[in-house]
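Residue numbers (numbering that gives the first Met the number 0), protein chains in the order written: chain A, 0 to 150; chain B, 0 to 150.
Where a beta carbon is used, it is the ideal one built from N, C-alpha and C, also for glycine.
Have a look at the structure below, then the notes.
There are 2 protein chains.
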Amino acid sequence: MSLATGFGSAEESPGLLLWQVTNRWQAAQRAALRPYGLTHVQFVLLASLTYLQAEDEPVTQRRLADHAATDPMMTSQVLRALESRALVTRLPHPHDARARALSPTPEGRDLANRAVTAVEACDTDFFSTLGVEVAPFTEALRTLLLRRGPE
Amino acid sequence: MSLATGFGSAEESPGLLLWQVTNRWQAAQRAALRPYGLTHVQFVLLASLTYLQAEDEPVTQRRLADHAATDPMMTSQVLRALESRALVTRLPHPHDARARALSPTPEGRDLANRAVTAVEACDTDFFSTLGVEVAPFTEALRTLLLRRGPE
DNA sequence: GGGTTTTAGTATGCGCGCATACTATCGGGC
DNA sequence: GCCCGATAGTATGCGCGCATACTAAAACCC
């Protein structure tokens with residue numbers, strides 16, 4: 000019967016493996032970010048915003064959410080939390096009354112920079128067991144993302 | 000600055016890629032399971048239980064959760080939902096008053112079998128773009144899981 | 001100008017992983 | 001017999017992805 004093929008044992012389906020590995024990766028990220036008082040999404044958004052800030056255009060929430068691949072609902076709520084901690088500012092957008100112009104405060108930028116190094120260390124460590132194999136692995140992930148892409 | 004290396008663009012970190020791919024995979028699973036009225040975890044637990052049922056020992060929640068790599072909290076709550084839909088039974092364990100003996104009802108087993116084929120088709124389709132590369136990919140996932148294993 | 005369609009952002013609610021804390025039972029040592 | 005640590009299960013609460021639905025402003029069209 001087909002139950003014996005993939006879902007009898009959790010270790011035999013690429014999908015279930017993917018799911019488990021991602022859970023462990025998220026746990027590692029959580030641990031690495033705890034000292035900085037940031038959750039995973041808070042970190043990603045703060046770091047992405049700091050990165051995008053170099054552009055000429057004011058950064059809107061939509062732009063940030065698209066870039067960081069987070070959904071707009073989370074973005075909204077997380078940015079409010081970051082604003083209340085004075086890590087980002089949300090000013091009215093100069094040319095669009097619907098939108099907001101986001102930018103990190105100096106404290107936010109500083110925190111982002113410090114957290115980024117910690118997260119990158121955590122990330123490198125997590126994938127270190129793959130050794131050189133990490134390149135084809137990343138490429139495979141990119142392939143999967145493109146095919147089932149932003150439709 | 001280190002912000003430019005990995006977290007400026009979401010597509011450059013293996014971890015973020017992993018996260019995005021898993022999200023898409025979960026979305027695909029959700030879509031495939033919708034016709035059967037099962038969520039992802041409900042399906043995994045029901046299918047795993049149907050698989051484990053062949054054993055001599057009565058299946059406890061702990062055993063099921065370990066096998067399916069889901070956490071006991073979810074397991075508890077999901078099994079209650081499945082029980083209320085008459086897909087599983089939770090009888091008292093014969094030798095341990097703390098535990099419960101789980102087994103799928105005939106309807107549960109039937110639903111599991113039908114859902115498994117749908118999920119497997121979805122899974123195969125999702126990873127089809129990798130072609131032969133799916134084998135080393137799966138192996139890499141397994142490696143990551145073992146290193147950061149059940150400590 | 002007046003109308004429709006798009007878009008930015010938000011509220012609400014669910015699925016699910018996980019951390020913490022608790023009860024109830026089992027087991028071993030004495 | 002009794003005590004104590006381990007274990008099965010549950011409650012509570014948060015992080016976060018996502019679906020649905022809504023408001024308000026912009027952009028387009030005539």
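Short of 6 Å in beta carbon distance, which residues of its chain neighbour residue i, apart from the five on each side in sequence? Order them along the chain.
i	result
Ala100/A	Pro57, Leu90, His92
Gln28/B	His39
Thr151/B	An answer regarding residue 151/B cannot be provided, because it is not within the stretch 0 to 150 covered by chain B.
Do you know how far the Cα of residue j is from the Cα of residue i?
i	j	result
Leu86/A	Leu78/A	9 Å
Ala117/A	Met72/B	31 Å
Leu143/A	Arg23/B	9 Å
Glu119/A	Glu82/B	44 Å
Arg108/B	Leu48/B	9 Å
Ala64/B	Ala80/B	15 Å
Gly14/B	Thr104/B	40 Å
Val133/A	Phe126/A	7 Å
Trp18/A	Ala26/B	12 Å
Ser102/B	Asp122/A	41 Å
Glu54/B	Phe42/A	46 Å
Arg33/B	Arg84/B	16 Å
Leu145/B	Thr74/A	34 Å
Ala68/B	His94/A	50 Å
Val20/B	Ala30/B	15 Å
Leu140/B	Ala139/A	11 Å
With a threshold of 8 Å on Cβ separation, who are the neighbours of residue i within its own chain once the five nearest residues in sequence on each side are excluded?
i	result
Arg62/A	Leu51, Glu56
Leu45/A	Leu37, Leu81, Leu86, Val87, Pro103, Gly107, Leu110, Ala111, Ala114
Could you pull the DSSP bridge partners for residue i from this structure?
i	result
Ala100/A	Leu90/A
Val217/B	Limits of chain B in this structure are 0 at one end and 150 at the other, which puts residue 217/B out of reach.
Between which two residues does the alpha helix (DSSP H) carrying residue i extend?
i	result
Leu129/B	Where Leu129/B is concerned, there is no enclosing alpha helix (DSSP H), given that its DSSP letter is neither H nor E.
Gln52/A	Here Gln52/A belongs to no alpha helix (DSSP H), and DSSP marks it neither H nor E.
Glu82/B	71-83
Glu11/A	No alpha helix (DSSP H) holds Glu11/A; DSSP gives it neither H nor E.
Arg146/A	133-146
Grab me the residues of residue i's own chain with a C-beta within less than 7 Å of its C-beta, minus the 5 sequence neighbours each way, in chain order.
i	result
Asp70/A	Ala64
Leu129/A	Phe136
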